Amino acid sequence: MAEQSKILFKALHQQSEPLILTNAWDAASAAIIQLSGVRAIATSSAALAWSLGYVDGQAIPKDALLRVVNQILRVSRIPVTIDVESGYSQDPNEVAAFVAQLAELGVAGINIEDGEAPVSEMVAKIQAIRACSSCQELFINARTDVYLRGLASGDAAVAMTINRLTQYQAAGADGGFIPGATTVAIAKQLSAAVGMPLNFMLLNEQMDIDALFKAGICRFSTGPTSFLQAYSSLLNSPAVSHGKLSIFEASQLDFEQVDNLFASL
């Protein structure tokens, strides 16, 4: 079953329509998302950390993450891909050993990010993961944070992103994730230069999924947006609002508000 899930998940990146992933953070959110008829489930590292009372940014203990993954897999009947941030270690072998645990549980794929670390570090991690026998069919989505962290701008950002993703593909990545990039123009440049499936994060209503798909982006994810929407509803519920039906005048939580709840813990 696990191997079939990995094969199916790879195939979803080669379809005639975009793969849209609504990111989950626990078994309940995964089960509800599954009800909508989606073809795969992804996790959001930020949402998962917040759900357990941790700040985003590799603060969650690995054993806690493994427990949640087990719970999500128990309710899921479709492929599941897990965000492992930068692997919870700088040591490629430690990262690979952790990812192998996830693969053995039955996940179909992972996201792993470079952040501001040297490109060579990400390359070594991908190579180590791919060398594990249990990770041969695992979909490795290599995230580069050039746009998200503002490491470059304009043509330099496009060139840096292409350079990074090309190296990650050569190391064994199956796909590239470019959060922060939003335009059709950038999508066309990246897809023309990078020979693997590409993933954008849906950051605003102006992003045209059909146009971006035609420009070469096959996968789209919502990141922590679903968590923020769900918990904004809780913030505005009648019980929280002392009986006043302020849910009709809802406030919207944002990333910084929620992350700051756990920053000092």
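Take 4 as the starting number for the sequence shown in the numbering used here and just add one per residue. By construction, the Cβ of each residue, glycine as well, lies at the ideal position given by its N, Cα and C atoms. Quick caveat: nothing in here was measured; it's all calculated off a predicted structure.
Same chain, Cβ closer than 7 Å to residue i, neighbours up to 5 away in sequence not counted
i, result
"V122", "R167, Q170"
"S249", "With a pLDDT of 47 at S249, under the threshold of 50, the modelled position of that residue is not reliable, and no figure is offered here."
"L15", "L22, R42, A43"
As assigned by DSSP and simplified to three states, the class of residue i
i, result
"N239", "coil"
"L55", "coil"
"M163", "helix"
"A27", "strand"
"S19", "coil"
"I132", "helix"
"M204", "strand"
"G178", "strand"
"R222", "strand"
"L151", "coil"
"G60", "coil"
"Q139", "coil"
"E119", "coil"
Host alpha helix (DSSP H) of residue i (start-end)
i, result
"F216", "212-217"
"F258", "258-264"
"T188", "Looking at the sequence shown, residue 188 is not Thr but Ala. Where A188 is concerned, the enclosing alpha helix (DSSP H) stretches over 187-196."
Host beta strand (DSSP E) of residue i (start-end)
i, result
"N144", "142-146"
"E116", "112-116"
"I10", "Per DSSP, I10 belongs to no beta strand (DSSP E); it is in the alpha helix (DSSP H), 5-14."
"A45", "44-46"
"S39", "Here S39 belongs to no beta strand (DSSP E), and DSSP marks it neither H nor E."
Sub-8 Å separation of residue i and residue j beta-carbons
i, j, result
"I274", "A27", "What the structure shows of the chain is the stretch from 4 to 268, and residue 274 is not part of that stretch, so it cannot be assessed."
"V78", "V102", "no"
"W53", "V187", "no"
"G55", "I63", "The amino acid at residue 55 is misidentified as Gly; the sequence shows Leu. The answer is yes: Cβ separation under 8 Å."
"V72", "L38", "no"
"F203", "A233", "no"
"A127", "G179", "no"
"R152", "E124", "no"
"G112", "F216", "no"
Cutoff 6 Å; reference residue i; Cβ partners in own chain excluding five residues on either side
i, result
"I219", "The displayed chain sequence assigns Gly, not Ile, to residue 219. Taken in chain order, the residues that qualify are A190, S194."
"I23", "F223"
"S32", "none"
"D177", "F142, I143"
Sequence-distant residues of its chain with Cβ nearer than 8 Å to residue i (five each side left out)
i, result
"Q139", "R133"
"G109", "M4, A5, S8, L76, V83"
"F265", "A52, W53, G56, Y57, V58, A62"
"Q130", "P95, A174, G175"
"A214", "V187"
Complete runs of the beta strand (DSSP E) confined to the segment 77-102 [at least 3 residues]: Scanning the segment 77-102 for uninterrupted beta strand (DSSP E) segments of 3 residues or longer gives 83-86, listed from N- to C-terminal end.
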